[in-house]
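Student: The structure follows.
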Amino acid sequence: MVTLADVARQAGVSASTVSYVLSGKRSISEETRRRVERSVTELGYHPNAGARALAARRSQIIALVVPLRADVYVPVMMEIAVSVTVAARRHGHDVLLLTKDEGPAGVRRVAGSGLADAVILMDVEVDDERVPLLRAQGTQAVLIGVPDDRRGVSCVDHDFATAGALCADHLADLGHREVAFVGYGSGVYHRHAGYAEHTLAGFRERAERRGLRFVQRPCEGTYESTAGTLGRILADRPETTGFVVQNEGAIGPLLGLLRTSGRTVPEDASVIALCPEQLAEQYAPRLTAVTGPAQELGRVAVEQTMGRIAALDRGEEPRDELVLLTPVLTVRESTGPAPRQGSRP
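Following UniProt numbering, the numbering of the sequence shown begins with 1 at its first residue and continues without gaps.
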């Protein structure tokens, strides 16, 4: 039996484009429309009646679940949300934004209402309770994040494990042997947020392989909490010369506290951050940082969503996908060779 995918392959377009040509729900160029129609005729494709009925009931809405907790960096979350909205509009869909931290109850309410054709989840935990609920309800879901159990969903995320490894490698290559990992607040780790756990796991594995002696300390990101965190690190490991920071709120306080303690960056202490590019550029010295494109997360998530919806409309089982975006290390002024033994304050 000829499928919609066969038509798309012969016409040299995506399956969603074929679906739009057949449904007339989106404006398609005349040349593309003719090419699709020619392939439909040549292959003898006949859309499945059940799939057509299902497509007709689509709401053209995607629910985007963005829990705005106190311990998340809201600017990045909103950048991803805007990217999802823009990409969805290109596919003729609107976005229903859900920001209240309701956990499974909120997802159940939206999924059961029929308001949305699919759900995109953000702030994903490694053992996220929302995922089995969506799977049980048969709701099409895409996760911006990677849980341990990925059955029945598609996922896109930065490769945080590789990002953590890049930080360890960079400090090791510069000759640092005593390093500290300043993370998010303890609540982020208690709820097993994927981005935090995957980064720390990647950093820990690479640090051990490279022979780094390290400590990891959570930090709430305020000036007071950062001062307490740095004080404990230096009390426990006074020879620490390298700092990895995965907490946007702690970056500024840490740089100031190192300066007031008599440690010059990068001569006495190197600092590398996992943060957005624009944030790394605003500090003095400018930060060596590992970054990833937040907007690309939103675009890929929507493409995965459209692929799952299109598969259902063809009467096919949606394919579970995993896309990890490669992080980029940009070296700036905040990291340098480890100071000689005995030269630190």
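Note that beta-carbon positions come from the ideal geometry of N, C-alpha and C, so glycine has one too. In this text the structure is predicted, and so the values were computed from the model without any measurement.
Please specify which runs of the alpha helix (DSSP H), each continuous and at least 4 residues long, are wholly inside the region 74–146, giving them in chain order.
Tutor: If we require 4 residues or more, the alpha helix (DSSP H) runs fully inside the region 74–146 come out as 74–90, 104–113, 130–137.
Student: Suppose only complete runs of 3+ residues qualify. What are the beta strand (DSSP E) ranges in the region 145–183, listed by chain order?
Tutor: Taking only runs of at least 3 residues, the beta strand (DSSP E) segments lying wholly in the region 145–183 are 154–158, 178–182.
Student: Just to confirm my understanding: we take residue 334, look at its own chain, exclude 5 residues before and 5 after, and list those with CB closer than 6 Å. What are they?
Tutor: Around residue 334: 265, 266, 271, 285, 287, 288.
Student: Please state whether DSSP places residue 269 in a helix, a strand or coil.
Tutor: Residue state, collapsed to three classes: coil.
Student: Using CA atoms only, rank isn't needed, just tell me which of 95, 295, 268, 260 is closest to residue 277.
Tutor: Of the listed residues, the one whose Cα sits closest to residue 277 is 295.
Student: Are the CB atoms of residue 121 and residue 143 nearer to each other than 8 Å?
Tutor: Yes, Cβ-Cβ distance for residue 121 and residue 143 is below 8 Å.
Student: Skipping 5 residues on each side, what residues in its chain have a beta carbon closer than 6 Å to that of residue 52?
Tutor: Model confidence at residue 52 stands at a pLDDT of 49, short of 50, so the residue's coordinates are unreliable; what they give is reported in the following sentence. Answer for residue 52: no residue qualifies.
Student: Is it the case that the region 245–265 contacts the region 37–46, given that we only count it when at least three CB pairs across the two stretches are under 8 Å?
Tutor: They do not touch, by the three-pair rule.
Student: Is it true that the CB of residue 327 sits closer than 8 Å to the CB of residue 407?
Tutor: Lying outside 1 to 345, the shown extent of the chain, residue 407 is not represented and no answer is given.
Student: For residue 193, which beta-bridge partners are listed by DSSP?
Tutor: Beta-bridge pairing links residue 193 to 125.
Student: Might you give, ordered along the chain, the residues of its own chain that have their beta carbon closer than 7 Å to the beta carbon of residue 258, omitting 5 neighbours on each side?
Tutor: Only 265, 269 meet the Cβ criterion.
Student: With a threshold of 8 Å between beta carbons, is residue 20 in contact with chain B?
Tutor: Checking the listed chains, one finds no chain B in this structure; it contains a single protein chain.
Student: Alpha helix (DSSP H) containing residue 28: first to last residue?
Tutor: Per DSSP, residue 28 belongs to no alpha helix (DSSP H) and is neither H nor E.
Student: When the Cα of residue 282 is compared with those of 290, 252, 309, 293, which residue comes out closest?
Tutor: When each option's Cα is compared against that of residue 282, the closest is 252.
Student: Would you call the CB atoms of residue 87 and residue 97 closer than 8 Å?
Tutor: Not in contact: residue 87 and residue 97 (Cβ atoms no closer than 8 Å).
Student: For residue 22 versus residue 156, is the C-beta distance shorter than 8 Å?
Tutor: Contact: no.
Student: Could you check if residue 60 is buried or exposed, using at least 16 other CB atoms within 10 Å of its CB as the buried criterion?
Tutor: That one is exposed.
Student: What's the gap between the Cα of residue 102 and the Cα of residue 69?
Tutor: Taking the straight line from one Cα to the other gives about 11 Å.
Student: If we count the other Cβ atoms within 10 Å of its Cβ and call it buried at 16 or more, is residue 221 buried or exposed?
Tutor: That one is buried.
Student: Could you give the first and the last residue of the continuous beta strand (DSSP E) run that contains residue 242?
Tutor: Here the beta strand (DSSP E) through residue 242 covers 242–245.
Student: Taking the straight line between their C-alpha atoms, what separation do you get for residue 196 and residue 73?
Tutor: Taking the straight line joining both Cα atoms gives about 12 Å.
Student: Compare the Cα-Cα distances from residue 336 to each of 260, 77, 176 and report the closest residue.
Tutor: If we check each option's Cα against that of residue 336, 176 comes out closest.
Student: Does residue 289 come out as helix, strand or coil in the three-state DSSP assignment?
Tutor: In the structure shown, residue 289 sits in a strand (DSSP, three-state: E or B).
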